[in-house]
Amino acid sequence: MKTKRMSLIVSMLLLFALLFTTACSPTGTDATEETNGAEESTSNGSLAGHYVGYSWRGEAGGGTFDEANQYIETILQLDDDGTILDAKMLFFVEKDGYWTTRQSGNAFVEVDFDVDPTPALPGDNYEAGDSMFTVYTADMMSFYAAAVNEDNTAAIALVCPVTRYQFEYKFDADDDFGKSMSELTVDSGDMVPTILTSGAGLMKPDSWDELEGSTIFDIDIWSHVVNDKGILAGIDNDSSVQEFLEAFGIEFADGLPQVMETTYGYFGNGGWAGNFNALEESLIGQNATELTSLVDWSVDRYAGALNEDNVFGVDVESGATRTVQNSIDGISGATVRVSREATSYQRALVDAGIISEEDVVIGRF
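Mapping of the sequence shown onto the working numbering: residues 1055 to 1419, in sequence order.
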């Protein structure tokens, strides 16, 4: 019965997200066809108008847009000279037959305080550990959940943007809430990697020994995206456990965390919604005739990774990178590859007649 109930809840959540999604399914869409509006605009010398571009999963391997179960849509509004007046970027995913966006933010979360979290087995023979949390959502990037039960036991789940593992913290009423967060390391037993939420992590540990001594704030150089901004801004290894819990909205009385219903959201830049908002904001005001890609493909570390078909990161030469990260524009470098977003952006420029399809670099999806 529980499985059926969960399936119903998931379907309802995804249907709810679908109702608020304005873009169409890729079925029957020619993603690379230029519009009449673009042709008319370029013929009269003005670039004013709205232009749309796409990138999709499987494209680098020859897959078609109609076959894709994930795609990115970029919509640009340009003025006469090509200055970007507005930009919108949406990441669509198909879940259980429904289309929704990774930015939707809808989730169902339950916490079982009877469970003591145990570590997952990482690597090629991955097995999930025991988790306190049951989560259904379109995407888990930078996701968090928090709750406190009647016994004053606090539970926290954080999805690490570097490894994409869900780390869980369970604090009983008799815990020392004044101790430093620096003590809550992967090997301490207080920060437990229970579930791999995505295989796209920048770091893919084969053993938890690789992260010995690391906290959520210093797993990698990109871990700064956890507390640069958002709910954990100002919280670091020198903070107390109480300060950490208070950042999630948990209140204390007489030294104990007080009962709180389950809450959830996105830390750091705000998950996919925050990252794509940052991308959109970075585009507004720039001239699309000059900014012909989100990535400077001429730099050595990228140029060596483009093959003769302009596909990035497939036939990689020695020393060339396989990923393009960006944290300069406020985009979480640990969580956004950017090259696939760049493809979608370039396709909008094709729609506007600014570049040709032959100029488009097919990024990693």
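All C-beta atoms in this analysis are idealised placements derived from N, C-alpha and C, irrespective of residue type, glycine included.
**Message:** With H, G and I counted as helix, E and B as strand and the rest as coil, what does DSSP make of ASP1140?
**Reply:** Within the sequence shown, residue 1140 is the residue found at index 86, counting from 1. In this structure, ASP1140 counts as strand in the three-state DSSP scheme.
**Asked** Are the CB atoms of TYR1108 and SER1398 nearer to each other than 8 Å?
**Response** By 1-based counting over the sequence shown, the position of residue 1108 is 54. By 1-based counting over the sequence shown, the position of residue 1398 is 344. Yes, they are a contact pair.
**Prompt:** Got a sec? Which residues, its chain only, sit under 6 Å from GLY1183 by beta carbon, not counting five neighbours each side?
**Reply:** Along the sequence shown, read from residue 1 onward, the residue named residue 1183 stands at position 129. Taken in chain order, the residues that qualify are THR1172, PRO1173, ALA1174 and THR1248.
**Request:** Would you check if there are 3 or more beta carbon pairs closer than 8 Å linking the region 1332–1344 to the region 1354–1363?
**Result:** no
**Prompt:** Taking the continuous beta strand (DSSP E) assigned at TYR1027, which residues delimit it?
**Reply:** Nothing in the structure corresponds to residue 1027, since the chain is present only between 1055 and 1419.
**Item:** Contiguous alpha helix (DSSP H) assignments of at least 4 residues, all confined to the region 1303–1362
**Value:** 1325–1337 and 1354–1357
**Request:** Can you say whether GLY1417 is buried or exposed, counting buried as having 16 or more other CB atoms within 10 angstroms of its CB?
**Result:** Mapped onto the sequence shown, residue 1417 falls at position 363. The residue is buried, with at least 16 neighbouring Cβ atoms inside 10 Å.
**Message:** In this structure, how does DSSP classify VAL1295 when only helix, strand and coil are distinguished?
**Reply:** Working through the sequence shown from its first residue, we reach residue 1295 at position 241. Of the three classes helix, strand and coil, the one that applies to VAL1295 here is helix, per DSSP.
**Asked** Do you know how far the Cα of ASP1133 is from the Cα of ILE1273?
**Response** In the sequence shown, the residue the question calls residue 1273 occupies position 219. In the sequence shown, the residue the question calls residue 1133 occupies position 79. Using only the alpha carbons, I get a separation of about 44 Å.
**Message:** Taking the beta carbon of ASP1290 as the centre, do at least 16 other beta carbons fall within 10 Å, making it buried, or is it exposed?
**Reply:** Walking along the sequence shown from the start, residue 1290 turns up at place 236. Buried, because 16 or more other Cβ atoms sit within 10 Å of the Cβ of ASP1290.
**Integer Cβ distance of VAL1216 from LEU1256, believed to fall under 8 Å** = Locating residue 1216 in the sequence shown gives position 162, counting from the first residue. Locating residue 1256 in the sequence shown gives position 202, counting from the first residue. With 8 Å as the limit, VAL1216 and LEU1256 qualify as a contact, their Cβ atoms being about 5 Å apart.
**Request:** Look up VAL1279 in the DSSP assignment and say whether it is helix, strand or coil.
**Result:** Here residue 1279 refers to the residue found at position 225 of the sequence shown. Here VAL1279 sits in helix by DSSP.
**Spatial distance of TYR1152 from SER1236 (CA atoms)** = On the sequence shown, position 98 is the one that residue 1152 refers to. On the sequence shown, position 182 is the one that residue 1236 refers to. The alpha-carbon atoms of TYR1152 and SER1236 are separated by roughly 42 Å.
**Message:** Short of 7 Å in beta carbon distance, which residues of its chain neighbour ALA1077, apart from the five on each side in sequence? Order them along the chain.
**Reply:** Within the sequence shown, the letter at position 23 stands for residue 1077. With a pLDDT of 43 at ALA1077, under the threshold of 50, the modelled position of that residue is not reliable, and no figure is offered here.
**Request:** Evaluate contact between the region 1252–1268 and the region 1287–1303, counting only Cβ atoms and requiring at least three cross-stretch pairs below 8 Å.
**Result:** no
**Prompt:** How big is the Cα-Cα spacing for TYR1180 and MET1186?
**Reply:** Position 126 of the sequence shown, counting from 1, holds the residue named residue 1180. Position 132 of the sequence shown, counting from 1, holds the residue named residue 1186. If I take the Cα positions, the gap works out to 19 Å.
**Asked** Helix, strand or coil: how does DSSP classify ILE1273 here?
**Response** Taking the first residue of the sequence shown as 1, we reach residue 1273 at position 219. Coil, per DSSP.
**Request:** Please classify ALA1396: does DSSP put it in a helix, a strand, or coil?
**Result:** In the sequence shown, residue 1396 corresponds to position 342, counting from 1. Correct three-state label for ALA1396: helix.
**Request:** Return the chain-ordered list of same chain residues with a C-beta closer than 7 Å to the C-beta of GLY1159, the five sequence neighbours on each side being excluded.
**Result:** Locating residue 1159 in the sequence shown gives position 105, where the first residue counts as 1. Contacts found: ALA1327.
**Item:** Unbroken beta strand (DSSP E) run spanning ALA1200, endpoints
**Value:** Against the sequence shown, residue 1200 aligns to sequence position 146. Unbroken beta strand (DSSP E) run through ALA1200: 1197–1202.
**Message:** Give me the residue from VAL1165, ASN1098 and GLY1177 with the minimum Cα distance to ARG1218.
**Reply:** Taking the first residue of the sequence shown as 1, we reach residue 1218 at position 164. Ranking VAL1165, ASN1098 and GLY1177 by Cα distance to ARG1218 puts GLY1177 first.
**Asked** First and last residue of the beta strand (DSSP E) that includes TYR1108?
**Response** The residue labelled residue 1108 in the question sits at position 54 within the sequence shown. Counting along the chain, the beta strand (DSSP E) containing TYR1108 begins and ends at 1103–1110.
**Prompt:** Buried or exposed: which applies to ILE1304, given that a residue is buried once 16 or more other Cβ atoms fall within 10 Å of its Cβ?
**Reply:** In the sequence shown, the residue the question calls residue 1304 occupies position 250. With 16 or more other Cβ atoms within 10 Å, it is buried.
**Request:** For VAL1415, name the three-state secondary structure that DSSP assigns.
**Result:** Counted from its first residue, the sequence shown places residue 1415 at position 361. Three-state DSSP puts VAL1415 in coil, outside helix and strand.
**Prompt:** Which class does PHE1187 belong to by DSSP, given the choice of helix, strand or coil?
**Reply:** In the sequence shown, counting from the first residue as 1, residue 1187 sits at position 133. Strand, per DSSP.
**Request:** Just the C-alpha distance for GLN1400 and GLU1164, rounded to the nearest angstrom, thanks.
**Result:** Walking along the sequence shown from the start, residue 1400 turns up at place 346. Walking along the sequence shown from the start, residue 1164 turns up at place 110. Roughly 41 Å separates the two Cα atoms.
**Range covered by the beta strand (DSSP E) that runs through GLU1127** = The count along the sequence shown starts at 1 and reaches residue 1127 at position 73. Unbroken beta strand (DSSP E) run through GLU1127: 1124–1132.
**Prompt:** Since GLN1131 and TRP1110 are thought to touch, with beta carbons under 8 Å apart, how far apart are those beta carbons, to the nearest angstrom?
**Reply:** Here residue 1131 corresponds to residue number 77 of the sequence shown, with the count starting at 1. Here residue 1110 corresponds to residue number 56 of the sequence shown, with the count starting at 1. About 23 Å; that fails the 8 Å criterion.
**Message:** Beta-carbon within less than 6 Å of GLY1116's beta-carbon, same chain only, minus the 5 sequence neighbours each way: which residues are those?
**Reply:** Position 62 of the sequence shown, counting from 1, holds the residue named residue 1116. Cβ neighbours of GLY1116 beyond the five flanking positions: none.
**Item:** Opposing strand residues paired with SER1234 [DSSP bridges]
**Value:** By one-based count along the sequence shown, residue 1234 stands at place 180. SER1294, per the DSSP bridge assignment.
**Exposure label - THR1118; buried when at least 16 CB within 10 Å** = What you label residue 1118 is simply residue 64 of the sequence shown in a count that begins at 1. Classification for THR1118: exposed.
**Request:** Quick one: measure Cβ to Cβ for PHE1167 and ASN1206, integer angstroms, because I've assumed they're closer than 8 Å.
**Result:** Numbered from 1 along the sequence shown, position 113 holds the residue referred to as residue 1167. Numbered from 1 along the sequence shown, position 152 holds the residue referred to as residue 1206. Actually they do not touch by this definition, with Cβ atoms about 11 Å apart.
**Message:** Judging by CA-CA distance, which residue of VAL1392, GLU1334 and SER1268 is the nearest neighbour of ASP1140?
**Reply:** Within the sequence shown, numbered from 1, the residue matching residue 1140 stands at position 86. Considering only alpha carbons, the answer is GLU1334.
**Item:** Own chain, CB closer than 8 Å to THR1137, minus 5 neighbours either side, in chain order
**Value:** Taking the sequence shown and counting its residues from 1, one reaches residue 1137 at position 83. Taken in chain order, the residues that qualify are GLY1339, GLN1340, ASN1341 and ALA1342.
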